[in-house]
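Here the protein sequences line up with chains A and B, keeping their order.
With the numbering used here applied, the first sequence corresponds to residues 40 to 304, in that order.
With the numbering used here applied, the second sequence corresponds to residues 917 to 1187, in that order.
All residues carry an ideal CB built from backbone N, CA and C; glycine is no exception.
Note that the coordinates shown come from a computational prediction; the quantities given were computed from them, not determined experimentally.
Reading through the structure tokens given below for one structure.
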Amino acid sequence: MTVYLIVSTINISLKEVYFGFLENSPFVGFKNYVEVLRSPAFWNAMRFSLFFGSITTVLELFLGFLLAYFYYSKFRGLRLPFTLLITPILMAPSLFGLMNRILLNNFIGLIPGYIKFFFGLDLDLFAPKNVFWTLVFIDALQWTPFTFLVIYAALISIPPQLIEAANIDGAKRLHIVNYIVIPYVTPALVVSGFLRFLESFRVFDTVYVLTGGGPGSLTTSISIYIYRIGFTMGNQGLASAVGMTLFAFMMIPAFIFSKLMKRRW
Amino acid sequence: MTRRRAIDWVILIIILLIFNLPFINVVMTSLKPNAVISKSPPPILFKPTIIHYRDIFTSPTFLFSKFLLNSLIIALVSAALTILICLPAAYSIVKIGVGSRILFSFVTNLRAIPLIVFASSVYILFKQLNLVDTRTGIIVIHILVNVPIALSLLSSFMQDVPKEIEESARLDGASELQVLFRIVTPMISSSVAAVFILSFIYSWNEFLFALILSIKKATTLTAGASLFVTAWGVQWGRIAAATTLAVIPPFVFAFYVQKYLVEAFSGGLKE
Chain A
40 MTVYLIVSTI NISLKEVYFG FLENSPFVGF KNYVEVLRSP AFWNAMRFSL
90 FFGSITTVLE LFLGFLLAYF YYSKFRGLRL PFTLLITPIL MAPSLFGLMN
140 RILLNNFIGL IPGYIKFFFG LDLDLFAPKN VFWTLVFIDA LQWTPFTFLV
190 IYAALISIPP QLIEAANIDG AKRLHIVNYI VIPYVTPALV VSGFLRFLES
240 FRVFDTVYVL TGGGPGSLTT SISIYIYRIG FTMGNQGLAS AVGMTLFAFM
290 MIPAFIFSKL MKRRW
Chain B
917 MTRRRAIDWV ILIIILLIFN LPFINVVMTS LKPNAVISKS PPPILFKPTI
967 IHYRDIFTSP TFLFSKFLLN SLIIALVSAA LTILICLPAA YSIVKIGVGS
1017 RILFSFVTNL RAIPLIVFAS SVYILFKQLN LVDTRTGIIV IHILVNVPIA
1067 LSLLSSFMQD VPKEIEESAR LDGASELQVL FRIVTPMISS SVAAVFILSF
1117 IYSWNEFLFA LILSIKKATT LTAGASLFVT AWGVQWGRIA AATTLAVIPP
1167 FVFAFYVQKY LVEAFSGGLK E
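Structural data, given as structure tokens:
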């Protein structure tokens, strides 16, 4: 099935296809690819995705680690707060986006409302200069619990004797973190970081419901870009060409990822 | 000492509030009368009303019930079929060793590729097959997306079943299918249930394909909720009510799979 999809995507990308009519569509060779690589909009979308993916990944790993370490040292084993902490990852990203749309809305939102009330500041979180960071905030709000979950799972796998022994030997807290905790959670950091990057690089749902890629093309991620070309404009030949170009780019991280995952076997 | 403990609890509660603020806020909005919603700053205390919940079920222009039904059918059927496909597949990979290497890494690699790449070709294929805007179409694509993760989870659970048990079953004359369904599956039944639930949640939450493969008839709640915004932009109360109801089913199940979430992830990280 996957092979079929790849072949058919390549096939479509070499033709001029509009609104799903593949029959009798003319073969145009690499015309679509040339158009993609020459289009500034494509590179803008790639830049947005790379930037967004990197920032959210680093932020979520950092916060996730802090949170996991905090929970591990103070509340280990406690069930209910743990469940409440990971609820965001169970929500559909599109619905989570909708909720934030209500929360952060200029007129009815809780956050802008109270910022105005307490500080007299008229904050438009979806204004061009803020919208990128608003999206980063929302992504971190939803997915820090994910990095937390993975890192916490690694933390509880540390044998308690190891830390006890270090304590008896008079090791300082910082040393315990440096020489025991960090080495133990490194695989968790790498895998969850990688998963987060792959996911937030291709962010679609949240952006679609919050900004639709706008204002203008300011928040157009590569997925939104492909969607716009393929479904809003109906140019599926070109959209497939963008897709295959992206596919080629993604082969590099996919390869690293498969090497990482193979370690479990 | 106890004072420090109190401070820890305060920090924890603040963190919990921050992460759950979007949800708390949407529930509150859904219970506010329209006049209260438009007040600034939004009041924390108000007299709750269930008028928006009644409206989304009764209003003829609001297709909430239909979307809800679509979501339920699509998520249940695709999760069940995912399990039916993956059980024999995982069994043959782990226990018999058919195509384990190449097939398995190929299937897991799928997770690294953004599915939007294939959006156009899926759409065109489904259009040729007349599957656009049908539940069947969305079920098929959700199975396709679910199989990689389900397969890798089931395989790792199956590896923990001791070989001796199957071998003794085989000595007693059980066929491979009997070993799979009579011996192995019951032993990992709670894990199978967890994978079913994870698939259900995934399908329930899936947005991209539910959006492009539906027009109106097969729209799921997750994809439909965003339609409410564009079509009824100012009716925040109804949107909030619809969103609240749409996120609840995964919550209900999540309580049960929680320990598997950790197990699934830690299992993947262990050497």
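Rank B:S1105, B:W1152, B:L1137 by C-alpha distance to the C-alpha of B:V1163 and give the top, closest one. B:L1137
With a threshold of 6 Å (Cβ to nearest heavy atom), would B:A995 be considered close to the ligand SAM? Only the bare structure without any ligand can be found here, which leaves the ligand SAM out of the picture.
Can you list the residues of chain B that A:K155 reaches, using a CB-CB cut of under 8 Å? Result: S956, P957.
Could you check whether the Cβ of B:F978 sits closer than 7 Å to any Cβ belonging to chain A? Judged by the 7 Å Cβ criterion, B:F978 is not in contact with chain A.
Between the C-alpha atoms of B:V1056 and A:P184, what's the straight-line distance to the nearest angstrom? 30 Å
If A:Y191 sits next to A:A107, beta carbons under 8 Å apart, how far is it from one beta carbon to the other, in whole angstroms? Beta-carbon to beta-carbon, A:Y191 and A:A107 are separated by about 4 Å, close enough to satisfy the 8 Å threshold.
How many whole angstroms separate the CB atoms of A:A205 and B:F1123, which I take to be in contact at a CB cut-off of 8 Å? That pair is no contact at about 46 Å.
Can a CB atom of chain A be found closer than 7 Å to the CB of B:N902? Residue numbering for chain B in the displayed model covers 917 to 1187; residue 902 of chain B lies beyond these limits and cannot be assessed.
Per-residue burial, B:A1006 [other beta carbons within 10 Å of its own, 16 or more giving buried]: buried
Closest to A:F187 by CA distance: which of A:L228, A:I265, A:V175, A:I202 is it? Check the Cα spacing between A:F187 and each of A:L228, A:I265, A:V175, A:I202: the tightest is with A:L228.
Return helix, strand or coil for B:K963, following the three-state DSSP convention. coil
CB-CB under 8 Å to A:V75, same chain, minus the five flanking residues each way: which ones, in chain order? F81, L277, A280, V281, T284
Whose C-beta lies closer than 7 Å to the C-beta of B:V942 among residues of the same chain, with five residues either side of it excluded? Closer than 7 Å at Cβ, skipping near neighbours: A1156, T1159, T1160.
Beta-bridge pairing of A:K54 - partner residues as DSSP gives them: A:F66
Residues from the region 260-276 of chain A in contact with chain B, defined by Cβ distance under 7 Å: S262, I265, Y266, G269, F270, Q275
Using three-state DSSP, classify A:F60 as helix, strand or coil. strand
Are three or more beta carbon pairs between the region 920-928 of chain B and the region 113-129 of chain A nearer than 8 Å? The region 920-928 of chain B makes contact with the region 113-129 of chain A, as at least three CB pairs between them are under 8 Å.
Who are the Cβ neighbours of B:C1002 in its own chain at under 7 Å, not counting the five residues just before and after it? V1063, A1066, L1067, L1070
Out of B:D1049, B:I990, B:F1034, B:P957, state which residue places its alpha-carbon closest to the alpha-carbon of A:S47. B:F1034
Does the region 1033-1051 of chain B come close enough to the region 1094-1101 of chain B to have 3 or more Cβ pairs within less than 8 Å? No, the region 1033-1051 of chain B does not touch the region 1094-1101 of chain B.
Say whether chain B places a C-beta atom closer than 7 Å to the C-beta of A:T332. As shown, chain A starts at 40 and ends at 304. That puts residue 332 of chain A outside it, with no answer to give.
Separation of A:V216 from B:R1051, as counted between CA atoms: 51 Å
At least 3 beta-carbon pairs within less than 8 Å: the region 255-266 of chain A vs the region 83-100 of chain A: yes
Contacting residues, own chain, Cβ-Cβ under 8 Å from A:S93 (five flanking each side not counted): F236
Say whether chain A places a C-beta atom closer than 7 Å to the C-beta of B:L947. Contact with chain A is absent for B:L947, since none of that chain's Cβ atoms lies less than 7 Å from the residue's Cβ.
Per-residue contacts from A:M85 into chain B (C-beta, under 8 Å): The premise fails here: A:M85 is roughly 12 Å from chain B at the closest Cβ pair, so nothing lies under 8 Å.
Buried/exposed call for A:Q200, threshold 16 Cβ in 10 Å: A:Q200 should be labelled exposed.
For B:D924, which residues in chain A fall below 7 Å Cβ to Cβ? K113
Going by C-alpha to C-alpha distance, which of B:S1091, B:I1113, B:A996, B:P938 sits closest to B:I1012? Nearest option by C-alpha distance: B:S1091.
Rounded to whole angstroms, what's the CA-CA distance from A:Q275 to A:S52? Just pull it up for me. In a straight line, the C-alpha of A:Q275 is about 8 Å away from that of A:S52.
Does the beta-carbon distance from B:S1008 to B:I1059 come in below 7 Å? No Cβ-Cβ contact shorter than 7 Å links B:S1008 with B:I1059.
Straight-line gap, B:N936 to A:L123 (C-alpha atoms, nearest Å): 8 Å
At a CB-CB cut-off below 9 Å, which residues of chain B make contact with A:G175? Here residue 175 of chain A turns out to be Val, not Gly, going by the sequence shown. The contacting residues do not exist; A:V175 stays about 15 Å from chain B at best.
Can you give the Cα-Cα distance for A:L234 and A:I128, rounded to whole angstroms? 13 Å
Measure the C-alpha to C-alpha separation of B:L988 and A:D161 and round it to an integer number of angstroms. 42 Å
CB B:I990 to CB B:I1054, shorter than 7 Å? yes
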